[in-house]
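Asks: Protein chains in written order, with our numbering: chain A, -18 to 341; chain B, 153 to 680; chain C, 113 to 672. Quick reminder that beta carbons are idealized off the backbone N, C-alpha and C, glycines included. Below is a structure I'd like to ask you about.
If you want it as structure tokens, here you go:
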């Protein structure tokens, strides 16, 4: 363990901890942009600079390992001025076309700019440098006018997804984030997992499906409905509609990771094909023999549907015997629901003919 | 780590990313055994491109080499297992040379693989449907267990036999007794003690005989054994083998009740269609492939009159019990009055030892979930099974012999069809085909064909092919790629109009009744 | 024993053989001369050798013959017979082929000014340059080559090697002037089973080409130095990162490696000892920033050349995370002479605080440009008047810019500051990598600094905010000043940007990019203010109006 002093507080942290993490452990917030706890430290944006005794110049706390008896100051007028300078420089390359981004003020750059009382209007770029919506990916919105080259997308793609879609091209003032060797994301073998979007601090990469839907009323943490990994995700809800799916570092199984289906395959929920009314075949209501092809559908209320179902099931059970019924429960449904189907088959019908698609 | 029969990065993408990270950042040595050059092979130290259906020769051959080199864990075999000698005898026939011939894997790669797997400890084996969807699926699994017992890789973190379950809650559906032979928590229906326990709990006399599996029930319609089917959230026409036969059976069924969120390929055969709620519209639990029970929270209300499935089945149960011949006595859990799923979970916990400590209140406190078995309200759960001792006592080695697949290519059907899924779609595609973006990226079925075969077939720039088997025929786009070896094509079943299951064979594993989706013989023709 | 050539002959013929000469046929000329010399039976009397870096482009390929110090050029292979027969055989200078002295410029003029022998006084680094065949290990060996390595491996412990360097007082010649012995000691004392030695030969400061001269004329000295360094710090593998454009240097270095391997001076069990050392060449790909040692390491690792955050330093966490010694070519070239002789011997050169010599590339408005090895501590005035033969056309000296783009501006008032590490630091200027751009009174300081910032805004790696955006904004302001479009507060803004670049940049590039701005406003503020307040460029260089927009605005690569 290493002991150091941050803003006069004595902090004890394991070796190889960065000064930034040590400060966090001590409850001290240092402004950051390129840093993210999940990603390899980068030290690019320089917003997190601190003063360290023994060093002539301010140091980037996100990339500086702690050392024994280090003395760190995280904020003073000089550092605030330095941060203001960094933010002004970043904003001078940041152009906002003014569209609704749906992020509801979670833009980290603007958050810190406001924190340091920067006149956004004056500081922001007046001209776009890139085409807005420059990539045809159906899920990821790309607006490089908002890119601050923090490379969180690049590191997310490499460190989290292992896909290496994003990289930096060119140098100096012309540096930009590109997919592949300057191609489209999908051509750069993007799997559309959206990790780059999840880690982007400014909305340069954003969720295309959610762009104009505004901010969510609330987020509900739940378990994904696709594969057996059991990722935790957050359904962002507005007006009783899921408008976005986000991930959360706290998720036990997956952390910030999600796949394309988990993050973007949610629009089936509100698809117009959804069944919204119980339906029964007309011949069942009429009490006539079953026509070929079973005849037409009639929309009914729940009582009618449930009574009819119960009557037909019990009749079948009583005529052909319990084992003439087969129950297929579902690997898509809740544990509680599957338990009830198991109970229904065995207790109510009296058969062990119950199975589901585990084999398929 | 050994991945065998799992296209991890496409089927379990988030696990796939974790494996990539393990290889990149922790230097994990990865061996991938798969007939196709699936994406994860890019990260593999070694790719064993075995012939489909030769998993047992491969695993036996690896064990043969391990014994030859003396890499087995003798202490583990001696103290923790039984039956090793029989396996040793069986392995004698599986000389590396013979195995190389059967599997098509070069001899030196077999040796290299055995060395990687035996000398890096702990080593985990991970598989999915590529192992189980064979007529020898159970034996495939047994053999992988043999391998891991031989290497002492069970009951340790980072080791183990790790099947990747397909559906989000396939583990839970099994745990909850959604199987013909067991009640919840794998309590056997043929065991008097368990049956009496549930009879007492539910207040009804219960059947003593094992029921039918899905792959028996539907053909059972034709044989007059089954007259009514109650199907929850499932599309047998698309997901079961030999679709045309399934259609015929469903056509004949007297009563089909379908509880779904979308009209499906099966709904034309239904008599009653009940609108269920999606995962976003109800609360409860799912159990993932790690046996981790996690909360599902309702975010929005169901559309229109749609209702959660637990509400619907409870309503039906009450109504069925109110009429007809079957009597239920008052008992602690005989009733069907549930206000929410939390009450249902309490009933599950009371009757299911492995879920005894699970409750919604506890899961709300700890969002990381609980790995069953959770023996009581204080028990922390069990992330790793078989620590120190196997659940059954000693690990039992089961000698396993190679059996060729049920249907192999012949003159009339000269190509081998392998089936599976792709990253952008899910199962029968009911949900993903209704996602605009997913459809934009992957809009129609593609049949993977090796360039060499494409030339032989005279595809010559033509985009579409017809694939036929003894059971049916589909048309689809061709994707000329060396992901597949020559002589083999690969197709998915996400698109009903060109679903691979029109072609697949309903040959079943004798124990698990799993169909051999992974192998059947087909003929491929170029279309204009 | 191998056969070696002994240069003890009555005539020395030097043929220019750098990249440009080769393009113009110097190889063919060499072959023709060799054939003629053999044919006339002069092989034992005449030494034929090559020379690089002679400057004079219009005279290439050229031939210098000592002891007369006669220069012929450009020489065609067909002239070889005549040169050998008339000059070498009959001792008759061929008047009509002689390049008149007044046409000689640059280093060639300097070479031609010394008759009798090649000038070697106070040459340590360039001791052999031009005197030996750079592609011959035998030549190198006969000129004391590999003696230091032999001595170290057979008579010295690694600690003694480092001790000798420490005594010598050698400081890093890449610009920072860090004591070399101390650096070696840090790497040597860092635990780790795998360590690396890297030679930084990515010489990319505009105008600087001293390392190229060393590598092209004496590659074995660097091979030997790297082996010594590896022995001292406990490394068994080394990389030399050579600028991509230095094709000849790469070829010669590769040949040197192969020759050394063949003689057991590289590879396993060098000289029969337990010491093994493997050396690889890594070619740069044209990024200025890769001269920064951590960016260079990233580049060798196959990544984008971006400087790392420090600490940790390469001495403890370098190539692939292993302790790594990175030294500049010139620094390493000093090592074998020091170990062959002694640290005490080395201290006789230069100044007490900065012993040894320094190799400068002098260019700009002077009479004689080229590479010079001079003792540490000469003044700028001496460098200009003695070595560079004064200002061109008698114009007045205005300022010198040291160290390529990353150096400082030295105004005339500071031209008597001794050029060594201590004195320049005290005077607030930086010695840099050894380039001396001499500018006369006709140079506009704003224009000069604008050119420098233009270079930086292209060559910044783009990683950190102050450098990436700061250089661009500075360039924009400077451009406005040269166009007469700036207000006085632009200077405050420039200073603020410079301050941010110095204080907050991740690496030296961003920090030094600000130096010319600061120096300009410190020494030449009046001239800058004249642009703004009077709307006049005093030297008449700047346009002072908005011209047609430059065509090189953002060129997005992708679909952006």
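1. Am I right that residue 427 of chain C and residue 435 of chain C are in contact with their C-beta atoms under 8 angstroms? What's the rounded C-beta distance?
2. What residues of chain A sit near residue 571 of chain C, judged by a beta carbon separation below 9 angstroms?
3. Listing by chain order, which chain C residues have their CB less than 8 angstroms from the CB of residue 73 of chain A?
4. DSSP three-state call for residue 264 of chain A: helix, strand or coil?
5. Take residue 293 of chain B and list the residues in its own chain whose beta-carbon comes closer than 7 angstroms to its own, dropping the five residues that flank it on each side.
6. Nearest CA to the CA of residue 596 of chain B: which residue from B:647, B:343, B:480, B:288?
7. Just checking: is the beta-carbon of residue 13 of chain A within a distance shorter than 8 angstroms of some beta-carbon in chain C?
8. Secondary structure at residue 606 of chain C, three-state DSSP: helix, strand or coil?
9. Kindly list the residues whose CB is nearer than 8 angstroms to the CB of residue 468 of chain B, restricted to its own chain and excluding five residues on each side of it in sequence; keep chain order.
10. In the DSSP assignment, find the beta strand (DSSP E) that holds residue 129 of chain B and state where it starts and stops.
11. Do we get a CB-CB distance below 8 angstroms when we pair residue 306 of chain A with the residues of chain C?
12. Grab me the residues of residue 198 of chain A's own chain with a C-beta within less than 8 angstroms of its C-beta, minus the 5 sequence neighbours each way, in chain order.
13. For residue 654 of chain C, return the contacting residues in chain A, with the cut-off set at a CB-CB distance below 7 angstroms.
14. Can you tell me which of the three DSSP states residue 195 of chain B falls into?
15. Helix, strand or coil: how does DSSP classify residue 634 of chain B here?
16. Beta-carbon within less than 6 angstroms of residue 257 of chain B's beta-carbon, same chain only, minus the 5 sequence neighbours each way: which residues are those?
17. Taking only three categories from DSSP, how would you classify residue 353 of chain C?
18. Nearest chain C C-beta to residue 243 of chain A closer than 8 angstroms, yes or no?
19. Please name the residue or residues paired with residue 335 of chain A in a DSSP beta bridge.
20. Alpha carbon to alpha carbon, what distance is there between residue 390 of chain B and residue 628 of chain B?
21. Please state whether DSSP places residue 54 of chain A in a helix, a strand or coil.
22. For chain B, check one thing: does any of its Cβ atoms lie closer than 8 angstroms to the Cβ of residue 301 of chain A?
23. Mind checking residue -16 of chain A: buried by the 16 CB within 10 Å criterion, or exposed?
24. Residues in the same chain with beta-carbon distance under 7 angstroms from residue 39 of chain A, minus the five sequence neighbours each way, listed in chain order, please.
25. Taking Cβ-Cβ distances below 7 angstroms as the criterion, which residues of the region 463 to 492 of chain B are in contact with chain A?
26. CB-CB under 7 angstroms to residue 663 of chain B, same chain, minus the five flanking residues each way: which ones, in chain order?
27. According to the Cβ coordinates, are residue 432 of chain B and residue 223 of chain A closer than 8 angstroms?
28. Look up residue 159 of chain C in the DSSP assignment and say whether it is helix, strand or coil.
29. At a Cβ cut of 7 angstroms, what residues of the region 291 to 305 of chain C count as close to chain A, listed as they run along the chain?
30. Step through the CB atoms of chain B and report whether any lies within less than 8 angstroms of the CB of residue 119 of chain A.
31. Mind listing which residues of the region 128 to 146 of chain A have their C-beta closer than 7 angstroms to chain C's C-betas, in chain order?
32. What in chain C is Cβ-close to residue 26 of chain A, meaning under 9 angstroms?
33. Measuring alpha carbon to alpha carbon, tell me which residue in C:357, C:533, C:609 is nearest residue 66 of chain A.
34. Could you tell me if residue 314 of chain C is buried or exposed, where buried requires 16 or more neighbouring beta carbons within 10 angstroms of its beta carbon?
35. Taking 8 angstroms as the CB-CB limit, is residue 423 of chain C close to chain A?
36. Using a Cβ-Cβ cut-off of 6 angstroms (strictly less than) and excluding sequence neighbours within five positions of residue 659 of chain B, which residues of its own chain qualify?
Replies: The relevant details are as follows:
1. 6 angstroms
2. 152, 153
3. 581, 585
4. helix
5. 283, 284
6. B:647
7. no
8. helix
9. none
10. With chain B covering only 153 through 680, there is no way to say anything about residue 129 of chain B.
11. no
12. 218, 219, 220
13. Under the 7 angstroms cutoff, chain A gives no residues; its nearest Cβ is about 22 angstroms from residue 654 of chain C.
14. helix
15. coil
16. 200, 202
17. strand
18. no
19. A:308
20. 16 angstroms
21. strand
22. yes
23. exposed
24. 30, 31, 32, 60, 63
25. 465, 466, 467, 468, 469, 471, 472, 473, 475, 476, 477, 478, 480
26. 290
27. yes
28. strand
29. none
30. yes
31. 130
32. 576, 577
33. C:609
34. buried
35. yes
36. 287, 558, 668
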